[in-house]
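Take a look at the structure below.
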Amino acid sequence: MKEESGASKSVWVDGIAMPVTHPLQENVTCDVCIVGAGIAGLTTAYHLMKEGKTVVILEAKNTICGGETSRTTAHLASALDDGFPELIRLFGVDGTRLAVQSHMAAIDRIEAIIKDEKIDCEFKRLDGYMFANNQEEEAQLTRELEAAHQIGWRDVILRKSCPLGSLTELPCLHFPNQGRFHVLKYLAGLTNAMLDKDVRIYTASKAVEFRTGPVTTVVTQDGHSVTANTLVVTTNVPVNDVVTMHTKQAPYRTYVIGARVAKGEVPDALYWDMQDPYHYIRLEESGGEGTDDLLIVGGEDHKTGQDDYPTLRYQKLEHWMRQHFPMAGEVVYRWSGQVLEPVDSLAFIGRNPGDADNVYIATGDSGHGMTHGTIAGMLLTDLIMGRKNEWATIYDPARVSLKTTGEFLKENLNVAAQYKDYVTGGEVKDASEVIPGTGRIMGRGPNKIAVYCDQDGVRHECSAICTHLGCVVSWNSAEHSWDCPCHGSRFDPFGKVISGPATKDLEKPGGR
Ligand SMILES: Cc1cc2nc3c(=O)[nH]c(=O)nc-3n(C[C@H](O)[C@H](O)[C@H](O)COP(=O)(O)OP(=O)(O)OC[C@H]3O[C@@H](n4cnc5c(N)ncnc54)[C@H](O)[C@@H]3O)c2cc1C
Ligand code: FES
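Sequential numbering from 15 applies to the sequence shown in the numbering used here.
This is how it looks when you write it as structure tokens:
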């Protein structure tokens, strides 16, 4: 995936030249330290730089944008996933209007930055279509339309038929002014603009300690520190919080396939259906005449660490695609990633609850991480600059609502149920039962061992107990990782942390 480019000014991430950065090798100070260089962290850094703040970004991976941002399908949508009637129930008409306006403003801001920084990243405004597949969904479309009009979004309209007949014979809702872009090209441009203005970005610099107070100090795994007036943690899932935020959101895996489709066969738009989990679809136009477009189809979400056969998800997705897009050709790409579903639909962007006043987080961005990440950049900058922002209340990470009790209990009871794995026997009795290229949980006395057998038949063992809050991890055969079914921490086959909330690797058996 990554290799040094000939010019040594860039490094290839998924075929895109990303700017080269280096690890932190000294102690530094700045106005704002940002931890995590995905869309949320980079966008926040960019806005703070524009305000004249000195900014340091720490990124654990060897390159920027190696987290979920590199897995996205990059729909830019202000038509929110959980639907307007549900949002109105949770946030009222005014709150829902603000939420939609914030996503519209995020798309506008992306477009403005692209213009200002002259970034070539395939940005395009598009129509979005939510389509019904049965009578019940058709009735729900009408309720969505009424709710959209209630918040004042009057150019959402109900169409008798979908632009693509094979999707459905039933009506669809038409949302104007959505969009798409190539997020890695966009963030490469944004990062180059920041490097030109001396924003310091350190990769391979994992933050392992957060000391907060009137001044914050973040220490990296190599023992170097960043001392700042303000700390912003944009690690997708906050790694500076052990419990609070992880009870308010749940991690889900989501799957994507990319299939060739003859140019012009599928009208260029965003599409999504009304199933739970829903399918999301867009097109990537080919560069030239006579070459195919790429049809990108996502869905089949499930709670992280809670599917024994995740590779079947690709099969199901392809089956669904062939029913709805009979013109689709060969599947040429398959990938999966993780999204964090907040219990009440909107991201958590603002002050970290229970922490010093100068510590901020952005998390819970659901399937709207492109816009939520951009909203984070705008909103956090206003909060840090001491400006009022009308979105602050709806995105406040400290918010609680009795209206979300049901969803809150459902997700947290699901987490509690995962601890049963402690008392079950494990999937295999002996490491020899684990076949090459796979991992299995083995019971050894009272302990649970995660056994991975590599392609050469060598077996590697580590404790199966997640270092976050102690759930038993589960093998993910689609990504070759150990995934925690509780709050979504992920570890590589040898137990090294891929993503949090866990910050420590799985222990070697016997705690070595
Ligand atoms: C398959 C898929 C499809 C999606 N489709 C869409 C879509 O169409 N539209 C949309 O809006 N959203 C979509 N999303 C969601 C969106 O991609 C994400 O929500 C968004 O990219 C998250 O950005 P982020 O900056 O919060 O996190 P990330 O991109 O994950 O960045 C966080 C960074 O923090 C770093 N980090 C973690 N811990 C540490 C540490 N201790 N020290 C230093 N650095 C650390 C990580 O290495 C990572 O680089 C999709 C997601 C997936 C998985
Ligand atoms: S992620 Fe919380 S226990 Fe594993």
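Ideal placement from N, C-alpha and C gives every residue a C-beta, glycine not left out.
Could you tell me which residues DSSP puts in a beta bridge with Arg336? Beta-bridge pairing links Arg336 to no other residue.
Whose C-beta lies closer than 6 Å to the C-beta of Pro265 among residues of the same chain, with five residues either side of it excluded? Thr318, Gln352, Leu354, Gly502
Simplified DSSP assignment, three categories, for Tyr294: strand
Flag Ser488 as yes when its Cβ comes closer than 6 Å to any non-hydrogen atom of ligand 2, and as no otherwise. no
Could you name the residues whose beta carbon sits closer than 5 Å to any heavy atom belonging to ligand 2, keeping them in chain order? Cys480, His482, Leu483, Cys485, Cys498, Cys500, His501, Ser503
List the whole-angstrom C-beta distance separating Arg194 from His89, where the pair is believed to meet the contact cut-off of C-beta under 8 Å. 6 Å
With respect to the alpha helix (DSSP H) encompassing Val114, which residues constitute its N-terminal and C-terminal limits? 98-131
Is it buried or exposed for Gln263, if we count other Cβ within 10 angstroms and need 16 for buried? buried
Mind checking who His482 pairs with in its DSSP beta bridge? The partner list for His482 (beta bridge, DSSP) is empty, contrary to what the question assumes.
Consult DSSP for Lys67 and reduce its assignment to one of helix, strand or coil. coil
Would the segment 231-243 count as touching the segment 121-139 if we require 3 or more Cβ pairs under 8 Å? no
Who are the Cβ neighbours of Thr68 in its own chain at under 7 Å, not counting the five residues just before and after it? Cys44, Asp45
If you drop the 5 nearest sequence neighbours on each side, which residues of the same chain put their C-beta closer than 6 Å to that of Asp369? Thr226
Quick one: give me the first and last residue of the beta strand (DSSP E) that Pro223 is part of. A quick correction: the sequence has Glu, not Pro, at residue 223. Per DSSP, Glu223 belongs to the beta strand (DSSP E) from 221-225.
Segment contact flag, the segment 30-45 with the segment 195-212, C-beta cutoff 8 Å, min 3 pairs: yes
Do the CB positions of Ile375 and Val247 come within less than 7 Å of each other? yes
Chain-order list of residues whose beta-carbon lies under 7 Å from that of Phe105 (same chain, five-residue window excluded): Ala113, Ile408
His293: CB within 6 Å of a non-hydrogen atom of ligand 1: no
Is Asn250 near ligand 1, in the sense that its beta carbon is under 6 Å from a heavy atom of that ligand? yes
Can you check whether the C-beta of Ser446 is within less than 7 Å of a C-beta belonging to chain B? Here chain B cannot be found, since the structure has a single protein chain.
Local conformation of Ala412 per DSSP, three classes: coil
When you compare the CB positions of Ser488 and Leu520, do they come within less than 7 Å of one another, or not? no
Rounded straight-line distance, which links the Cα of Glu40 to that of Thr217: 13 Å
For Gly319, three-class secondary structure by DSSP: coil
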